[in-house]
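Participant: Quick one: structure below, then a few questions.
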Amino acid sequence: MGDTKETEESYTTVELTLDNDEVLECAILTVYEAAGQEYIALLPLDENLEPNESGDVYLYQYNETEDGEPDLGNIEDDEEYEIAAEAFDDWMDSQDFDDSDIIE
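For the sequence shown, the working numbering gives the first residue as 771, with consecutive numbering after it.
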């Protein structure tokens, strides 16, 4: 994961390098806990740093190194993914979004 930065839309963003070496700029939606593990939800942004039209969100295990640097890990099994996704859905349900926040 690359350096974090702020965009004009007040997203905190990170550069995410995928397994195929593709680099995506992503907005950090939240860091949250589920079943004793921290996770991070990332929203890929397009070249104009706008949310992607598909509404895809990437979930990763979230840890910090001894130096306090973020360290992301893949969610390896379906059971863990279901736990992380359900907790993220609960977080989404708890947020107050108005019509302007919805990605069309």
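By construction, the Cβ of each residue, glycine as well, lies at the ideal position given by its N, Cα and C atoms.
(1) Helix, strand or coil for Ile853? Go by DSSP, reduced to three states.
(2) Going straight from the alpha carbon of Thr782 to that of Tyr802, what length do you get?
(3) Assign Ser864 to one of three DSSP states: helix, strand, or coil.
(4) Suppose you measure from the CA of Glu839 to the CA of Asn833; what does that come to, to the nearest Å?
(5) Which partner residues of Gly843 appear in the DSSP bridge assignment?
(6) Please go through the same chain and pick out, in chain order, the residues whose beta-carbon is closer than 6 Å to the beta-carbon of Tyr828, but skip the five residues on each side of it.
Facilitator: Walking through what the data contain:
(1) Reading the sequence shown from its first residue, position 83 is the one you call residue 853. Ile853: helix per DSSP, three-state reduction.
(2) As a working note, residue 782 is residue 12 in the sequence shown. As a working note, residue 802 is residue 32 in the sequence shown. Near 16 Å, if we compare the C-alpha coordinates of Tyr802 and Thr782.
(3) If you number the sequence shown from 1, residue 864 lands on position 94. Three-state result, Ser864: helix.
(4) Numbered from its first residue, the sequence shown carries residue 839 at position 69. Numbered from its first residue, the sequence shown carries residue 833 at position 63. Cα-Cα distance, rounded: 8 Å.
(5) Walking along the sequence shown from the start, residue 843 turns up at place 73. Partner(s): Gln831.
(6) For this step, residue 828 is matched to residue 58 along the sequence shown. Contacts found: Leu812.
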